[in-house]
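Undergrad: Quick one: this structure, given as structure tokens, is what I'll be asking you about.
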Amino acid sequence: MWYILNMKLLKVPALYTILGITLSLVIIFYLLVNIISTDEENTFALRGCNVAGISLQGDLVTYATNGSGVGPESFSSSEDITYLLELAEETPNIKAILLEIDSYGGSPVAAAEIVDTVKKFMTKPVIVQIREAGLSGAYWVASTADYIIASELSDIGGIGVTQSYVDEDKYNKREGFTYNSLSRGEFKDMLDPQKALTYKEKLLLQRDLDIVYEVFVAEVANSRNLSSEKVLELADGSSMLGDLALEKGLIDEVGGYYEVIDYITSKINGEAIVCW
-10 MWYILNMKLL KVPALYTILG ITLSLVIIFY LLVNIISTDE ENTFALRGCN
40 VAGISLQGDL VTYATNGSGV GPESFSSSED ITYLLELAEE TPNIKAILLE
90 IDSYGGSPVA AAEIVDTVKK FMTKPVIVQI REAGLSGAYW VASTADYIIA
140 SELSDIGGIG VTQSYVDEDK YNKREGFTYN SLSRGEFKDM LDPQKALTYK
190 EKLLLQRDLD IVYEVFVAEV ANSRNLSSEK VLELADGSSM LGDLALEKGL
240 IDEVGGYYEV IDYITSKING EAIVCW
């Protein structure tokens, strides 16, 4: 009886050993799956990649649509761009960021959010390549980069602010429609296309546009190390091609992708391998 009892006692440590090994294998498997999953989600963590490529194309908006079809067909959201910038900053093997821009602008808030991330969060060099266009809010984003390269045929600048809407007031009157509005607050139905803007409403909208314009000009002047007076001369909403943009100080070099890679290579003191 004593012998049998001791055999049972001897089996207990063996059972714990088996359970311990099994648990260790489960933990190791979980960690490996988690690491692989993280690497799959973070394309910047791929072996051999040392430059994070981020694309800003189409209309600039604050957040991505949910597939409902609402919003522009081609757009870039500040939500996505800021996430990718932060991801690149936190990925150890990434030495620089290549931000490729082809956009006519969009939301000033979206532009400001990306600008804020570049200025306050990024420590790694950010290089911008402007392809067909880097205008309005998209140029505002570009201006914060450490270096800007654009083609001689790229459309650059567009420093200015605009807001517009279709006024259907005269059409409605001609068709015999009567506009009725129930609201509280003098400006609550402002920008309703069924009515014309009043003089006071125009003043109110212009006040806000002027504020955005002043912030835009000040940010470009600061980022590009230009005087406010110099930027104001350019801030008439017009654009210019690459050579003139270089002359005016809006970009740093006229060139294409090969010039971009050459610059990044010199910046990181090694071969530039871009992953998107």
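Going by the working numbering, the sequence shown opens with residue -10, and the numbers climb by one from there. C-beta atoms are modelled at their ideal positions from N, C-alpha and C, and glycine is treated no differently. Being a predicted model, the structure only gives us computed values, none of them experimental.
1) In chain order, what residues of the same chain have a beta carbon less than 8 Å from the beta carbon of F110, not counting five sequence neighbours either side?
2) Taking its Cβ as the centre, do 16 or more other Cβ atoms sit within 10 Å of D197, making it buried, or is it exposed?
3) Threshold first: 4 residues or longer. Then list the alpha helix (DSSP H) segments lying entirely within the segment 158 to 199, N to C.
4) Can you check DSSP and say which residues form a bridge with V115?
5) Output needed for S172: all residues of its chain with C-beta closer than 6 Å, excluding positions within five of it in sequence on either side, in chain order.
6) Please report how far the alpha carbon of R36 lies from the alpha carbon of P114, in whole angstroms.
7) Ordered along the chain, which non-local residues of its own chain (more than five positions away) have a Cβ less than 7 Å from that of E203?
8) Give the straight-line distance between the Cα atoms of A137 and S212, rounded to the nearest whole angstrom.
9) Take every Cβ of the segment 63 to 70, pair it with every Cβ of the segment 235 to 253, and state whether three or more of those distances are shorter than 8 Å.
10) Considering only DSSP beta bridges, list what C264 is partnered with.
11) Work out the CA separation of W129 and S208 for me, nearest whole Å.
12) To the nearest angstrom, how far is the alpha carbon of E190 from that of K184?
13) What do you get for S255, buried or exposed, if any count of 16 or more other CB atoms within 10 angstroms of its CB means buried?
14) Quick check on I148: does DSSP put it in helix, strand or coil?
TA: Judging by the given coordinates:
1) L74, E75 and E78
2) exposed
3) 158 to 164
4) I86
5) D178
6) 20 Å
7) none
8) A small correction: the amino acid at residue 137 is Ile; Ala does not occupy that position in the sequence shown. Roughly 12 Å separates the two Cα atoms.
9) Segments in contact, no.
10) A41
11) It should be pointed out that residue 208 corresponds to Glu in this sequence rather than to Ser. Rounded to the nearest angstrom, the two C-alpha atoms are 8 Å apart.
12) 12 Å
13) exposed
14) coil
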